[in-house]
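A.B. asks: What follows is a structure written as structure tokens; I'll ask about it next.
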Amino acid sequence: MTERFNLAANVLLSRRLQNLLRIDENVEIDMSYITCAEYQLFIDEKLKAGENRQPDHWKSYRFPLGDAKNLIAGVRPSDAEEFCEWLTQQHSALGFKYRLPTLAEVEEYPITEKQVGCWCFDGEQRIIAGIETGKKQTWQQKLAEVLVLNRDLYRDLYRVLYRVLDRVLDRVLDRVLDRVLDRVLDRVLYRDLYRVLNRVLNRDLDRVLDRVLDRVLNRDLNRVLYRVLYRVLNRVLNRDFYRVLNRDFYRDLNRDLNRVLDRDFYRNLNRNLNRDLDHDLEGKFKAIEAGKASDFLLLYFPLLPVIVIYHLLSVTYEVISENEAALNTIKLSGQESKAISRKYLENLNKIYPLYVYLVLLDERQAGHITAWESIRIVRERIEQ
256 MTERFNLAAN VLLSRRLQNL LRIDENVEID MSYITCAEYQ LFIDEKLKAG ENRQPDHWKS
316 YRFPLGDAKN LIAGVRPSDA EEFCEWLTQQ HSALGFKYRL PTLAEVEEYP ITEKQVGCWC
376 FDGEQRIIAG IETGKKQTWQ QKLAEVLVLN RDLYRDLYRV LYRVLDRVLD RVLDRVLDRV
436 LDRVLDRVLY RDLYRVLNRV LNRDLDRVLD RVLDRVLNRD LNRVLYRVLY RVLNRVLNRD
496 FYRVLNRDFY RDLNRDLNRV LDRDFYRNLN RNLNRDLDHD LEGKFKAIEA GKASDFLLLY
556 FPLLPVIVIY HLLSVTYEVI SENEAALNTI KLSGQESKAI SRKYLENLNK IYPLYVYLVL
616 LDERQAGHIT AWESIRIVRE RIEQ
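Mind the numbering: the sequence shown is residues 256 to 639 in the numbering used here, read in order.
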């Protein structure tokens, strides 16, 4: 950053601080969002200490060319709070501090910009407020459309399982099961998981993590990603895939589902999985193969097969828990079946939020979904 830029950005920030709206004798509120130029001053200051505070979807430490006066968006709540602390240290008169607004303050003093919102406090919880409801729903819908596992897959699995369990509970052939297992696991697990994991995790993931986490996803998400990808996912792959899948998964399917489900289940399940997964997985895998995958895609793609397996087992045992004939066949109580379902759901819930967040960052970086988390500030007198 040049001295000229720093001077201009500081002028913008100083003017903002001189034009806050007075609420009462102790509190003043900003009536516009912090700009990229102003937030860049905070980023640069933190970089001197080796800390990254740029929005996670940015491709570098600096805002995109031409966005200096555009509002900052995509800021984490912890970074928004830290920006206020930095502002207090750098620009506050003695006896005052800067903070994020409360929800009541945002609602009582709205601003005209409704395309994004700002971080604020609703009690102890940090939330986003000020976004136009229709705009927020549009972004949520766009995100849902690009998530591979969505409500349609849950609906399809439940529909197929209930129909098959009610109609052909005891009509299963070992030959059909073995053939389908070979096809499903060869296609979904060995092809998509082991081929990708052996290459992406062993070769690309270290490179991506070093580059992305050091540059973009430092601090909080860095810690989460390393914990989940190296501790949780590693544990899932090494412990659960080799222990749970090789033992529990084959045991469950060959012992329990072998007596509960028939070829119609696998035909319908394969059709539903093919429809929901194949075009997404193939497109993403081709991008990886061609070297055109984004950093975020390389991070979240290996999570997909893991999610599918846990999802399938959780739904299956949930359905079985409500079918007396199925429970008698596999010699489990409804409570035991539900407990097994919850176990797989818990494993899924450790991974799925990270997957969703990485997909969101990927879509933002590609320009498909707009970031909406911005900053408004409040200046408040400190009680002496």
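Ideal placement from N, C-alpha and C gives every residue a C-beta, glycine not left out. This structure is a prediction, so every number in the text was calculated from the model and none was measured.
#1: To the nearest angstrom, report how far apart Ala-323 and Leu-342 are at their CA atoms.
#2: Is it the case that the Cβ atoms of Leu-232 and Tyr-565 are separated by a distance below 9 Å?
#3: Output the distance between the C-alpha atoms of Ser-347 and Val-266, rounded to the nearest integer angstrom.
#4: Pull the bridge partners of Ser-315 from the DSSP assignment, please.
#5: Sort out for me which residues DSSP pairs Arg-259 with in a bridge.
#6: Nearest CA to the CA of Gln-344: which residue from Phe-297, Glu-379, Val-330 and Ala-304?
#7: Our contact map puts Glu-293 next to Ala-335 with C-beta atoms below 8 Å; I'd like the distance itself, whole angstroms only.
#8: Could you check if Ser-592 is buried or exposed, using at least 16 other CB atoms within 10 Å of its CB as the buried criterion?
#9: What separation, rounded to the nearest whole angstrom, lies between the Cα atoms of Glu-618 and Pro-332?
#10: Does DSSP put Phe-338 in a helix, in a strand, or in coil?
#11: Helix, strand or coil: which one does DSSP assign to Arg-631?
#12: Using a threshold of 9 Å, state whether the C-beta atoms of Glu-368 and Leu-326 are closer than that.
#13: Going by C-alpha to C-alpha distance, which of Gly-589, Leu-302, Glu-306 and Thr-584 sits closest to Val-574?
#14: Enumerate in chain order the residues of its own chain whose CB-to-CB distance from Lys-397 is below 8 Å, with the five nearest sequence positions on each side excluded.
#15: Could you tell me the boundaries of the alpha helix (DSSP H) in which Ala-384 lies?
#16: Taking 9 Å as the cut-off, decide whether the C-beta atoms of Val-361 and Trp-627 are in contact.
#17: Which residue's Cα is closest to the Cα of Pro-608: Phe-318, Ile-630 and Ala-399?
#18: Looking at the unbroken beta strand (DSSP E) that takes in Lys-352, where does it start and where does it end?
#19: Quick check on the burial criterion: 16 or more other C-beta atoms within 10 angstroms. Buried or exposed for Glu-638?
#20: Report yes if the CB atom of Asn-261 is closer than 9 Å to the CB atom of Asp-299, and no otherwise.
#21: Could you name each continuous beta strand (DSSP E) segment of 3 residues or more that falls completely within the segment 277–336, going from the start of the chain to the end?
#22: Do Tyr-316 and Glu-635 have their beta-carbon atoms positioned less than 9 Å apart in this structure?
#23: Give every residue of the same chain whose Cβ lies closer than 7 Å to the Cβ of Cys-339, excluding the five residues on either side of it in the sequence, and list them in chain order.
#24: Spatial neighbours of Asp-285 within its chain, please: C-beta separation below 6 Å, excluding the five flanking residues on both sides.
#25: If Cys-373 and Ala-359 are in contact, beta carbons under 8 Å, what's the gap, nearest whole angstrom?
#26: Taking the beta carbon of Asn-281 as the centre, do at least 16 other beta carbons fall within 10 Å, making it buried, or is it exposed?
#27: Is Tyr-353 close to chain B? Criterion is C-beta to C-beta, closer than 9 Å.
#28: Determine, using beta carbons only, whether Tyr-610 and Tyr-555 come nearer to each other than 9 Å.
#29: So the candidates are Tyr-612, Ser-269 and Leu-568; which of them puts its Cα closest to the Cα of Arg-597?
#30: When we look at the beta-carbon of Asp-311 and count the other beta-carbons within 10 Å, is it buried (16 or more) or exposed?
#31: Can you check DSSP and say which residues form a bridge with Trp-374?
#32: Am I right that Thr-357 and Cys-375 are in contact with their C-beta atoms under 8 Å? What's the rounded C-beta distance?
#33: Checking 9 Å against the spacing of the C-beta atoms, do Ile-289 and Ser-576 come in under that value?
C.D. replies: Once the coordinates are examined:
#1: 19 Å
#2: Residue 232 lies beyond the range of the chain shown here (256 to 639); nothing can be said about it.
#3: 15 Å
#4: In DSSP, Ser-315 forms no bridge with anything.
#5: In DSSP, Arg-259 forms no bridge with anything.
#6: Phe-297
#7: That belief does not hold up - the Cβ atoms of Glu-293 and Ala-335 are roughly 13 Å apart, past 8 Å.
#8: buried
#9: 20 Å
#10: Three-state DSSP puts Phe-338 in a helix.
#11: coil
#12: yes
#13: Gly-589
#14: Counting only Cβ-Cβ distances below 8 Å, and skipping sequence neighbours, we find Glu-618, His-623 and Ile-624.
#15: Counting along the chain, Ala-384 falls outside any alpha helix (DSSP H), though it belongs to the beta strand (DSSP E) covering 380–384.
#16: no
#17: Ala-399
#18: 351–354
#19: exposed
#20: Yes.
#21: 282–284
#22: no
#23: Sequence-distant Cβ neighbours of Cys-339 in its own chain, meaning closer than 7 Å and more than five residues away, are Tyr-353, Arg-354, Leu-355 and Ile-632.
#24: Leu-275, Arg-631 and Ile-632
#25: About 13 Å separates the two Cβ atoms, so there is no contact after all.
#26: Label assigned to Asn-281: exposed.
#27: Looking for chain B here will not work: only one protein chain is present.
#28: yes
#29: Nearest option by C-alpha distance: Leu-568.
#30: buried
#31: Ile-383
#32: 6 Å
#33: no
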